[in-house]
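Below is one structure, written out as structure tokens, with a few remarks after it.
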Amino acid sequence: MSTFMFKNKNTEYTPISNVFIDRFMPKARGEYIKVYLLGLRYCLSGEIGINSSSIANSLHLLESDVMNAWNYWNDEGVIKITQIDNMGNFSIEFLDLNALNPESGDKVNLLSELKNSSIKDMMEDIEKLLARPLSNKEMTMYLSWLKDYNFSPELLLLLIQYSVSKGKTDYRYIEKIAIAWHDAKIKTVDDAQSFIKMHEDKWLNIKKILKYLGIQSNDVMKPQEQMIEKWLNVYKFSLEIIYKACDICFERLNKVEFKYIDGILNNWFTHDIKTLEDIEKKDKMKGSFKKNNYSGNNKNDSFNNYEQRSYDYEDLEKKLLGWDVND
């Protein structure tokens, strides 16, 4: 449960900016509008703060709807929400909407672009996929990808579909994927589908290795993930080779140690070992080398190189017993 602290002015009525009514209200979801109006009412009536549970109960909404509403209005530039602590408490400031210039920069571009029926249809399809209305910031960002990244509307919709399939609808996550696709020089739907397959195959193998090690995929850290990617993509080892290195690590250390496994695979890569048969041959050669160096029959053994003396044991025995003394 979150608590929202308002920077307020005490008044007995709640004035609503015409800018809000004309510009922001028409395209916003009804529950978002209700959260904004109730919050503004609390703010202007001198209420110091209110928790998300109280707002949700008053408006017959879920607490998640309340948080989504504040994030939406923050993205729209209608409010400024700031996290106060790690306990889920926030400060909310209602901004002066009359100070916004509707004729400036991206706003003009956005309004102009939305007159294009194909662009408008694309935005509506994106809203259906995300199951929520788009903020001005999001729409401007998507339009910039069409121009700056040379994405087609079809490619952009595929990107959104892929994000939704991963259970991600936050625009920040979607933006990361768009940047990755741009860096990978993806220009067509076919390019994107090939990239998705390659990425999914990579993660499928990573998850198999982590499962073999008894590690949950969401527990792996970035350095460990990068090691596994190196084993698969740089060294191009098969899963059976990587599993073999894991087995050796278990046998010697009785625990999972990524650096130890990495050391084994580095050594195999350096010696051009690619199959289980190569590993077996290497082990046999190593065993033969040890046998030749430590065998008692080795002529180079330092003990055998010692110049041994010959003794007359009968004479020694007589001397020890005193029989060599003449009576």
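1 is the number of the first residue of the sequence shown in UniProt numbering; add one for each residue after it. Built from N, CA and C at the ideal position, the CB exists for glycine as well. Being a predicted model, the structure only gives us computed values, none of them experimental.
Whole angstroms are fine: how far does the CA of residue j sit from the CA of residue i?
i	j	result
residue 259	residue 65	45 Å
residue 63	residue 185	41 Å
residue 82	residue 247	49 Å
residue 280	residue 269	15 Å
residue 27	residue 98	19 Å
residue 103	residue 229	Residue placement at residue 103 cannot be trusted, given a pLDDT of 45 that sits under 50; the coordinates are not used to answer.
residue 227	residue 211	16 Å
residue 257	residue 94	52 Å
residue 17	residue 45	16 Å
residue 328	residue 249	As displayed, the chain neither begins before 1 nor continues past 327, which places residue 328 out of reach and without an answer.
residue 19	residue 70	18 Å
residue 267	residue 274	11 Å
residue 68	residue 32	8 Å
residue 192	residue 155	8 Å
residue 22	residue 34	16 Å
residue 100	residue 91	21 Å
residue 48	residue 58	17 Å
residue 148	residue 194	22 Å
residue 50	residue 56	11 Å
Identify every residue that forms a DSSP beta bridge with residue i.
i	result
residue 80	93
residue 3	51, 89
Output needed for residue i: all residues of its chain with C-beta closer than 7 Å, excluding positions within five of it in sequence on either side, in chain order.
i	result
residue 236	none
residue 118	153
residue 139	110, 123
residue 133	27, 28, 29, 127
residue 41	14
residue 253	260
Relative to the C-alpha of residue i, which residue among the options is closest?
i	options	result
residue 187	153, 22, 198	153
residue 29	143, 272, 72, 47	72
residue 251	268, 282, 213, 271	213
residue 60	175, 77, 38	38
residue 3	74, 89, 45	89
residue 158	148, 67, 170, 177	177
residue 146	135, 167, 173, 181	181
residue 74	223, 137, 148, 278	137
residue 80	55, 56, 36, 54	36
residue 262	135, 277, 282, 223	223
Looking only at its own chain, which residues have a Cβ that is under 8 Å from the Cβ of residue i, when we skip the five neighbours before and after it?
i	result
residue 265	231, 235, 237, 241, 242, 245
residue 225	206
residue 208	239
residue 175	141
residue 163	169, 173, 174, 177
Under 6 Å Cβ to Cβ from residue i, same chain only, skipping five residues before and after it: list those, please.
i	result
residue 160	126, 129
residue 143	113
residue 204	none
residue 183	none
residue 15	none
### Query
Considering only residues of the stretch 46-72, which uninterrupted alpha helix (DSSP H) runs meet the minimum length of 4 residues and lie entirely inside it, listed in chain order?
52-59
#### Entry: Uninterrupted alpha helix (DSSP H) stretches inside the stretch 219-267 (no shorter than 4 residues)
222-229, 239-253
### Message
Ignoring anything shorter than 3 residues, give me the beta strand (DSSP E) runs that lie fully in the stretch 121-206, in order along the chain.
### Response
none
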